[in-house]
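Here is the structure we will look at, set down as structure tokens.
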Amino acid sequence: MSSYLGLWHYHACILLMMVGLFAVISRQHLVKKILGLTITQVSVIMFFVAMGKVRGGTAPILETMNHDAVARQAQDVVFSNPIPHVLMLTAIVVGVATNALALSFVVRIKESYGTAEEDEVLAADHAASVAESAKEHSLESEAT
Amino acid sequence: MDVPIEALLFFLLLVTALTVARLRDLYAASMMTAIFSLLSAGLFVLMDAVDVAFTEAAVGAGVATVLSLGALSLTGSREAKKRAQVFPFVVVALTGAALIYGTLDMPHYGDASAVIHSHLAPDFIEGSAELEIPNVVTTVLASYRGYDTFGESFVVFTAVLGVILMLYRSKKDAS
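Chains A and B, in that order, are what the protein sequence lines are. The opening residue of the first sequence carries number 4 in this note's numbering; numbering runs sequentially from there. The opening residue of the second sequence carries number 1169 in this note's numbering; numbering runs sequentially from there.
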């Protein structure tokens, strides 16, 4: 069990992700679902960034451009891995862009249906399709 | 000594996330989401990801909150009370168990001998000195993987286009 103790950062990220996922699945208000999605997204980003951490390392910013100094730095200064940082920067910005698009969809749904609760939207859709088929049925029976 | 601070931040994040999931007042929930982003930015600094931290603080806690508050002003801020279901709990528990099982053979947090630290990252750090850009993240973002950043700006452009079309259309229909 003690060998798994070094993984607790990852497990904490997974725990946060579970809370976000729960908000997405179980809540009915669409804006709440998007907030849950934000939490999920931050947790996943944190998981990736945690993998890039080197114990005793520092932020990947060089102190001097001098090549000899860089060679010296490489021996006594340890940098955390910059690659997850770069990838997650992109993920954050793209995440906010998709967030904005999702919120505009919610605003549109609210204007069309008069509600932003998922189950009420589905019920309205169902009622509309039932009314449609009933209308078709009555037209058919008129024709015959 | 940094482990207690990280544990404290993770605990606060968990409390904030649970509050977001529970709150029925959506204005409060979106403010809690902003707090969540800000706390996570603090954690990013502890994980040496300073660039990710200030992007998260500016974009996640700032812009995203403004967007969700704007959307709430148009959709109404109360969430109707629904009874709890068992099914979401089961799905979330299964997903979490599977993910935790997947981490069990990963290298430990902060392990310098992990595979991802031995390839590519040393080259990028060296190349950053050659290109005379102090911040290695900037070097990778703008130079080595500049086309990724170009693709990102295209995605953002598409999203903005989508938002404009969506809201313009709805305004035209309303009149």
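Note that CB positions come from ideal geometry on N, CA and C, so glycine has one too. As the structure is a prediction and not an experimental result, all values here were calculated from the model.
Between which two residues does the alpha helix (DSSP H) containing residue i stretch?
i                 : result
Leu1299 (chain B) : Per DSSP, Leu1299 (chain B) belongs to no alpha helix (DSSP H) and is neither H nor E.
Ile86 (chain A)   : Pro85 to Tyr116
Leu65 (chain A)   : Premise fails: Leu65 (chain A) is in no alpha helix (DSSP H) and is neither H nor E.
His1285 (chain B) : Val1283 to Ser1286
Val1375 (chain B) : Lying before the first or after the last residue shown, residue 1375 (chain B) is absent from chain B, which here runs from 1169 to 1343.
Asp1219 (chain B) : Val1218 to Thr1223
Ala1265 (chain B) : Phe1255 to Thr1271
Under 8 Å by Cβ, that's how I've got residue i and residue j pegged, so tell me the actual separation to the nearest angstrom.
i                 : j                 : result
Phe1292 (chain B) : Val1304 (chain B) : 6 Å
Thr1271 (chain B) : Tyr13 (chain A)   : 5 Å
Arg1192 (chain B) : Arg1246 (chain B) : 7 Å
Strictly below 8 Å CB to CB, what residues from chain B border residue i?
i               : result
Leu10 (chain A) : Thr1271, Leu1272, Met1274, His1276 and Tyr1277
Ser83 (chain A) : Met1215, Asp1216 and Ala1217
Can you check DSSP and say which residues form a bridge with residue i?
i                 : result
Asp1193 (chain B) : B:Arg1246
Phe82 (chain A)   : A:Thr61
Gly1278 (chain B) : A:Val57
Glu120 (chain A)  : A:His32
So which residues on chain A does residue i lean against when the C-beta distance must stay under 8 Å?
i                 : result
Val1304 (chain B) : Pro63, Ile64, Leu65, Phe82 and Pro85
For a contact defined as C-beta to C-beta under 7 Å, what are the partners of residue i on chain B?
i               : result
Lys56 (chain A) : Met1215, Asp1216, Tyr1277 and Gly1278
Lys35 (chain A) : Leu1194, Ala1197 and Glu1247
Ala26 (chain A) : Val1188 and Ala1189
So which residues on chain B does residue i lean against when the C-beta distance must stay under 9 Å?
i                : result
His129 (chain A) : Those do not exist, as His129 (chain A) stays about 17 Å from chain B at its closest Cβ, beyond 9 Å.
Using a cut-off of 9 Å between C-beta atoms, extract the partners of residue i located in chain A.
i                 : result
Asp1316 (chain B) : Val89, Leu90 and Thr93
What does residue i touch in chain A if you count any residue whose Cβ is under 7 Å from its own?
i                 : result
Ser1311 (chain B) : Near Ser1311 (chain B) there are no residues of chain A at all, since even the closest Cβ is about 11 Å away, more than 7 Å.
Find the residues of chain E that neighbour residue i, judging by a C-beta separation of less than 7 Å, and give them in chain order.
i                 : result
Val1231 (chain B) : No chain E appears in the structure shown, which is made up of the protein chains A and B.
So if I threshold CB-CB distances at 7 Å, which residues from the stretch 1253-1276 of chain B count as touching chain A? For the stretch 1253-1276 of chain B, the residues whose beta carbon sits under 7 Å from a beta carbon of chain A are, in order, Gln1253, Pro1256, Val1259, Val1260, Thr1263, Gly1264, Leu1267, Ile1268, Thr1271, Leu1272, Met1274 and His1276.
At a Cβ cut of 7 Å, what residues of the stretch 1187-1221 of chain B count as close to chain A, listed as they run along the chain? Interface annotation for the stretch 1187-1221 of chain B against chain A: Val1188, Ala1189, Leu1194, Ala1197, Ser1198, Thr1201, Phe1204, Ser1205, Ser1208, Leu1211, Phe1212, Met1215, Asp1216, Ala1217, Val1218, Asp1219 and Val1220, criterion Cβ-Cβ distance under 7 Å.
Select from the stretch 104-122 of chain A all residues with a C-beta closer than 7 Å to any C-beta belonging to chain B, and list them in chain order. Correct list: Leu104, Leu106, Ser107, Phe108, Val109, Val110, Arg111, Lys113, Glu114, Ala119 and Glu120.
Mind checking the stretch 1319-1332 of chain B against chain A and listing, in chain order, the residues whose C-beta falls within less than 7 Å of any C-beta there? Those would be Glu1320, Val1323, Val1324, Ala1327, Gly1330 and Val1331, in chain order.
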